[in-house]
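K.L.:
My questions will all concern the structure given below.
There are 2 protein chains.
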Amino acid sequence: MNNYTEYIQTHKTRFIDELLELLRIPSVSTDPAFKEHVFKAAEFIKGQLDKIGADKAQVCQTDGYPIVYAEKIIDPELPTVLVYGHYDVQPADPLELWDSPPFEPVIKNDKIYARGACDDKGQMYMHLKAFETMIQTDNLPCNVKFMIEGEEEAGSESLATFVKNNKERLAADVILISDTSMLGNETPSITMGLRGLSYMEVEVTGPNRDLHSGMYGGAVANPINVLCQMIASLTDENHHITIPGFYDDVEDAPEAEREGMRKAPFDLELYKKKLDIAEVQGEKGYSTLERTSIRPTLDVNGIWGGYTGEGAKTVIASKAYAKISMRLVPNQDWYKISELFQKHFEAIAPPSVKVKVTRHHGGQPVVTPIDSVAFKAASAAFKDTFGKEPIPLRGGGSIPIVSMFKSELGLDSVLLGFGLDSDAIHSPNEHYGIFNYMKGIETIPLFYNHYAKLMREELVS
Amino acid sequence: MNNYTEYIQTHKTRFIDELLELLRIPSVSTDPAFKEHVFKAAEFIKGQLDKIGADKAQVCQTDGYPIVYAEKIIDPELPTVLVYGHYDVQPADPLELWDSPPFEPVIKNDKIYARGACDDKGQMYMHLKAFETMIQTDNLPCNVKFMIEGEEEAGSESLATFVKNNKERLAADVILISDTSMLGNETPSITMGLRGLSYMEVEVTGPNRDLHSGMYGGAVANPINVLCQMIASLTDENHHITIPGFYDDVEDAPEAEREGMRKAPFDLELYKKKLDIAEVQGEKGYSTLERTSIRPTLDVNGIWGGYTGEGAKTVIASKAYAKISMRLVPNQDWYKISELFQKHFEAIAPPSVKVKVTRHHGGQPVVTPIDSVAFKAASAAFKDTFGKEPIPLRGGGSIPIVSMFKSELGLDSVLLGFGLDSDAIHSPNEHYGIFNYMKGIETIPLFYNHYAKLMREELVS
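Residue numbers (the numbering used here), protein chains in the order written: chain A, 7 to 467; chain B, 7 to 467.
Here is the structure:
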């Protein structure tokens, strides 16, 4: 490959400025108040794809937010890479915990601070700039298709329909996604597994109206107390989940993988120090790395009920609510787990309250093959730019669409992530290192190159 | 007594209109946003006291909200009644559950709907109208002093200082308070006991920032889950409170009182139906009436943490909060109970989190003597207007200042309450029956009359 690194260095400032422009669009997909901005972000991506020489760039309308599609077919005989990413972001609240406004990106200590800086605008935009670089330096060795959606943080509902209806247009050899993280900038790793997700909301209703806690306290079930008891009972003293059947389908991770995790560089003291916690806490019999990758979990993501303002109000609330999500591992099925949760939660409710369980969204857990051509190409690309063989690792998060791509398109995904766990995605002060952004733009063309070469070799052999 | 009932009937419309005017002032004492309105309510009361012929009416400034004082000393030889009430109200939220705006009173089905309609503006204002009636019809048989405060819903902090500094001015024979309820309009009762209160707020801190629940879930203690477990552990399967030492000072109610409660008219099915609950729930071994009067309780009044907006956010919150209050019975001491709570809550926190416990306010439980002249006078007055002997009952709520009056001024209080438990005080759609408002205005002059007569007889005997 010729002068592509020089091109990247020459245009570095512009590459960053364009990302900042994208980050200024508050494209929060879960909150209808941001609707117009989500559409605006789609138009921005479409415009950029046009500009860098992709063909047939189009904002494809759906029942929800649009999917931006574009392609560059240079030779039907060459392999095709389908790039997936998302232009929507998580809500920014609690706003008061941000050091600078979430949608006014700032650069501090060589990091870009903004909602979406890493997840996924920063990581997704690397692919546009890598593509531009390959085109401009005459280094594009594969066909490319882009599919950038706007509902990833809200469950990717429209994407499934889009994929079903566009199988021919989306035909490819592999899917390339940058939406995960590495162990560290000195310790490159590639995610080869992702946890699934089942996200539920529960409502506990006691009396039909808020009551005075003096007049009724002690005789009427308090829905907040009851909700706390129900939630507490969902895990036992060893932090096992108590929902009957929950672990039935869990496939234990291979001993070799656990052995590898034990050897992976991980500093527990530093981990605790960075989070300012005295102790970690999790399922008995597993290490911290294992607890966040090969084991399922249950977390309350939000809880509310009663009086939450300043001062004191002596009230027994009529209702209490919680958002509860479970991370799943192979071979758990999120539909089944959601049903088990619902049945169990309804079953443990005392007769003094009513409960309502609703399902938000979910996704299947996946493990991608590490002996595939694509994974080998990714490893080789990382080795070129980081100077080290990357460690294959399972990530704790969920990208539900990976299993959908497999079932609908028959394609494996390569998770070429350049974020760090400390990037505070989904949290106040989300950021993305400029080192990581630029490293991504450098590594992606190498992936294309290795992939094209390995595919050619495979064809010959 | 001559034509006083005629005077009340003649002026009924105005008596109601004046109360509506007072109810239009949103005097929420716990929320600083309503500050000017709380002051305005004090001025309103002061103006009315002037108008109806009370002397020395004064808005007495304090470190918090003012106390309105006025008096009518007709003869130093006559007994003096000190009337206590409050012009502040509870917060009105959740606003969306009100059928009409909380500070725009409406009359429906002979009931006045507004925040404070019963607690305590309606009940307190009866005393001003009863006083006016006695003055206008030449029926005032006692000296009267008024002390109307503005921080009852916020812990009455300034009142204690005011009482300490004004012992001479407040010298009286008995304190008269209308801030409690009766069993029913056909079943008059007088509250002879009140529960105490200890109101705490807790904060549980896990990691130093909100985390992505996929990347950290399973390895880091989730403060919401931990808070739920801690709250759940505060009561056992029999709904006993598990805080060590909590029941040590509880004085069991006399068997005769429990026997009386068993005979009091109470329809459990109707109670459940009105609240739309399938079952009541409470401490094993006690009836519903006992659970809400002679037994202590623990209720979560509010809980919050994490993402509570629309949709789903996969976050592990850094912090979770709850407001927790305990109702106390004789001889529990609220200072001691608050300390026991704090120690216990800190002790049960797992090492993976930090907890902070703060105290809102509290008050001592009280039982007032039912063989006193004042209680007898109250019983006689009720019998006159309701045609039935009132049942002496303990109330479940707390009026912390009753025990403070006893210790600072050496005075017992008579709780001449005309509300109903169904008035939805502290809840949306609080209301007060016009029957009850007018019955109070009729009964109060009779209390004065009986009290003066019984005091004369006692002096003679």
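Beta carbons: idealized from backbone N, C-alpha and C, even for Gly. Nothing here was measured: the structure is a model prediction, and the numbers come from that model.
Starting from the beta carbon of residue 221/A, find every residue of chain B whose beta carbon is closer than 9 Å, and list them in chain order.
P.N.:
In the first sequence, the residue the question calls residue 221/A occupies position 215. Chain B residues near residue 221/A: 187, 298, 401, 402, 403, 427, 431, 432.
K.L.:
Ends of the alpha helix (DSSP H) at residue 39/B?
P.N.:
Within the second sequence, numbered from 1, the residue matching residue 39/B stands at position 33. Residue 39/B -> no alpha helix (DSSP H), and no H or E assigned at all.
K.L.:
Report the option in 435/A, 417/A, 446/A whose CA atom is closest to the CA atom of residue 85/A.
P.N.:
Here residue 85/A refers to the residue found at position 79 when the first sequence is read from its first residue. Taking only the C-alpha atoms, the option nearest residue 85/A is 417/A.
K.L.:
So, at 6 Å on beta carbons, what are the nonlocal neighbours of residue 442/A in its own chain, with the 5 sequence-adjacent residues on each side left out?
P.N.:
The count along the first sequence starts at 1 and reaches residue 442/A at position 436. Answer for residue 442/A: 424, listed in chain order.
K.L.:
Comparing C-alpha positions only, which one of 420/A, 448/A, 179/A, 440/A sits nearest to residue 462/A?
P.N.:
One-based indexing of the first sequence puts residue 462/A at position 456. That would be 179/A, whose Cα lies nearest to the Cα of residue 462/A.
K.L.:
Quick one: does residue 237/A have its CB under 8 Å from some CB of chain B?
P.N.:
As a position in the first sequence, residue 237/A is number 231, starting the count at 1. At least one chain B Cβ lies under 8 Å of residue 237/A.
K.L.:
Can you pull the chain B neighbours of residue 94/A, defined as C-beta to C-beta under 8 Å?
P.N.:
Here residue 94/A refers to the residue found at position 88 of the first sequence. What residue 94/A touches in chain B: nothing, since even the nearest Cβ is about 12 Å away.
K.L.:
Just to confirm, is the Cβ distance from residue 154/B to residue 245/B under 8 Å?
P.N.:
Stepping through the second sequence from its first residue, residue 154/B is reached at position 148. Stepping through the second sequence from its first residue, residue 245/B is reached at position 239. Their beta carbons are not under 8 Å apart, which means residue 154/B does not touch residue 245/B by this criterion.
K.L.:
Which residues share a DSSP beta bridge with residue 187/A?
P.N.:
As a first step, residue 187/A is located in the first sequence; it is residue number 181 there, counting from the start. BP columns for residue 187/A point to 425/A.
K.L.:
Under the assumption that residue 199/A contacts residue 401/A (Cβ atoms under 8 Å), give the Cβ distance between them as a whole number of angstroms.
P.N.:
The sequence position of residue 199/A within the first sequence is 193, counting from 1. The sequence position of residue 401/A within the first sequence is 395, counting from 1. Confirmed, Cβ separation roughly 7 Å.
K.L.:
DSSP has residue 76/A in a bridge; who is on the other side?
P.N.:
Residue 76/A sits at position 70 when you count from the first residue of the first sequence. In the DSSP output, where bridge partners are listed per residue, residue 76/A has 152/A.
K.L.:
Note down the Cα distance separating residue 360/A from residue 214/A, rounded to an integer number of angstroms.
P.N.:
Here residue 360/A corresponds to residue number 354 of the first sequence, with the count starting at 1. Here residue 214/A corresponds to residue number 208 of the first sequence, with the count starting at 1. Roughly 10 Å between the two C-alpha positions.
K.L.:
Quick check: is the beta carbon of residue 104/A nearer than 8 Å to any beta carbon in chain B?
P.N.:
Stepping through the first sequence from its first residue, residue 104/A is reached at position 98. Not closer than 8 Å to any Cβ of chain B, the Cβ of residue 104/A fails to qualify, so no.
K.L.:
Which residues in chain B sit within 7 Å of residue 357/A, going by Cβ to Cβ distance?
P.N.:
As a first step, residue 357/A must be located in the first sequence, where it is residue number 351. Those within 7 Å of residue 357/A in chain B are 284, 285.
K.L.:
What number of angstroms, rounded off, separates the C-alpha of residue 345/A from the C-alpha of residue 413/A?
P.N.:
By one-based count along the first sequence, residue 345/A stands at place 339. By one-based count along the first sequence, residue 413/A stands at place 407. Approximately 22 Å, taken between the alpha carbons.
K.L.:
Using the C-alpha atoms, what's the distance from residue 224/A back to residue 448/B?
P.N.:
The residue given as residue 448/B occupies position 442 in the second sequence. The residue given as residue 224/A occupies position 218 in the first sequence. Those two C-alpha atoms are separated by around 34 Å.
K.L.:
So what does residue 309/A bridge to, in DSSP terms?
P.N.:
For the purposes of this step, residue 309/A is taken as residue 303 along the first sequence, with counting starting at 1. Paired residue(s): 328/A, 311/B.
K.L.:
Using a Cβ-Cβ cut-off of less than 9 Å, give me the residues of the segment 33 to 65 of chain A that come near chain B, in sequence order.
P.N.:
Those would be 35, 36, 37, 38, in chain order.
K.L.:
Does DSSP put residue 264/B in a helix, a strand or coil?
P.N.:
The residue you call residue 264/B lines up with position 258 of the second sequence. Three-state result, residue 264/B: helix.
K.L.:
Could you work out which residues of chain A lie near residue 112/B, taking near to mean beta carbons separated by less than 9 Å?
P.N.:
Numbered from 1 along the second sequence, position 106 holds the residue referred to as residue 112/B. By Cβ distance, chain A contributes nothing, its closest Cβ being about 18 Å from residue 112/B, past 9 Å.
K.L.:
For the beta strand (DSSP E) that contains residue 92/A, what are its first and last residues?
P.N.:
Walking along the first sequence from the start, residue 92/A turns up at place 86. That run of the beta strand (DSSP E) goes 86 to 92.
K.L.:
Could you tell me whether any Cβ in chain B is nearer than 8 Å to the Cβ of residue 310/A?
P.N.:
For the purposes of this step, residue 310/A is identified with residue 304 of the first sequence, where counting begins at 1. For residue 310/A, the answer is yes, since a Cβ of chain B falls inside 8 Å of its Cβ.
K.L.:
Report yes if the C-beta distance between residue 333/B and residue 220/A is below 8 Å; otherwise report no.
P.N.:
Residue 333/B sits at position 327 when you count from the first residue of the second sequence. Residue 220/A sits at position 214 when you count from the first residue of the first sequence. Yes, they are a contact pair.
K.L.:
Suppose the cutoff is 7 Å on Cβ atoms and the five residues either side in sequence are ignored; what does the same chain contact list for residue 409/B look like?
P.N.:
By one-based count along the second sequence, residue 409/B stands at place 403. Excluding positions up to five away in sequence, the list reads 369, 370, 372.
K.L.:
How is residue 53/A classed by DSSP in three states: helix, strand or coil?
P.N.:
Translated into the one-based positions of the first sequence, residue 53/A becomes position 47. Looking at residue 53/A - three-state DSSP - the assignment turns out to be helix.
K.L.:
Thinking C-beta only, is residue 294/A closer than 8 Å to residue 277/A?
P.N.:
As a position in the first sequence, residue 277/A is number 271, starting the count at 1. As a position in the first sequence, residue 294/A is number 288, starting the count at 1. Result yes, Cβ atoms of residue 277/A and residue 294/A sit closer than 8 Å.
K.L.:
Quick check: the segment 116 to 135 of chain B against the segment 345 to 354 of chain A, are at least 3 beta-carbon pairs closer than 8 Å?
P.N.:
Too few Cβ pairs lie closer than 8 Å, so no.
K.L.:
With DSSP as the reference, please indicate the residues paired to residue 208/A in a beta bridge.
P.N.:
As a first step, residue 208/A must be located in the first sequence, where it is residue number 202. Answer by DSSP bridge pairing, in chain order: 328/A, 363/A.
K.L.:
Taking a contact to mean a Cβ-Cβ separation below 8 Å, would you say residue 97/B touches residue 37/B in this structure?
P.N.:
Indexing the second sequence from 1 puts residue 97/B at position 91. Indexing the second sequence from 1 puts residue 37/B at position 31. Yes, they are a contact pair.
K.L.:
How would you label residue 301/B, buried or exposed, when you count the other beta carbons within 10 angstroms and need 16 or more for buried?
P.N.:
The residue given as residue 301/B occupies position 295 in the second sequence. Under this definition residue 301/B is a buried residue.
K.L.:
Rounded to whole angstroms, how far is the Cβ of residue 185/A from the Cβ of residue 129/A, which I believe are closer than 8 Å?
P.N.:
Here residue 185/A corresponds to residue number 179 of the first sequence, with the count starting at 1. Here residue 129/A corresponds to residue number 123 of the first sequence, with the count starting at 1. Going by Cβ atoms, the distance from residue 185/A to residue 129/A rounds to 6 Å, so yes, they are a contact pair.
K.L.:
Residue 326/A: which of 175/B, 234/B, 197/B, 115/B sits nearest, CA to CA?
P.N.:
Looking up residue 326/A in the first sequence gives position 320. The option with the nearest alpha carbon to residue 326/A is 234/B.
K.L.:
Less than 8 Å between the CB atoms is what I'm expecting for residue 118/A and residue 437/A, so what's the real figure, rounded?
P.N.:
Within the first sequence, numbered from 1, the residue matching residue 118/A stands at position 112. Within the first sequence, numbered from 1, the residue matching residue 437/A stands at position 431. Going by Cβ atoms, the distance from residue 118/A to residue 437/A rounds to 6 Å, so yes, they are a contact pair.
K.L.:
Report the neighbours of residue 333/A on chain B: residues whose CB is nearer than 8 Å to its CB, in chain order.
P.N.:
The sequence position of residue 333/A within the first sequence is 327, counting from 1. The answer, in chain order, is 219, 220, 223, 224.
K.L.:
Of all the options 69/A, 52/A, 71/A, which has the alpha carbon lying nearest to the alpha carbon of residue 63/A?
P.N.:
Numbered from its first residue, the first sequence carries residue 63/A at position 57. For residue 63/A, the nearest C-alpha among the options comes from 52/A.
K.L.:
I'd like the ranges of any alpha helix (DSSP H) spanning at least 4 consecutive residues and lying wholly in the segment 89 to 163 of chain A.
P.N.:
Listed in chain order, the complete alpha helix (DSSP H) runs (minimum 4 residues) inside the segment 89 to 163 of chain A are 127 to 142.
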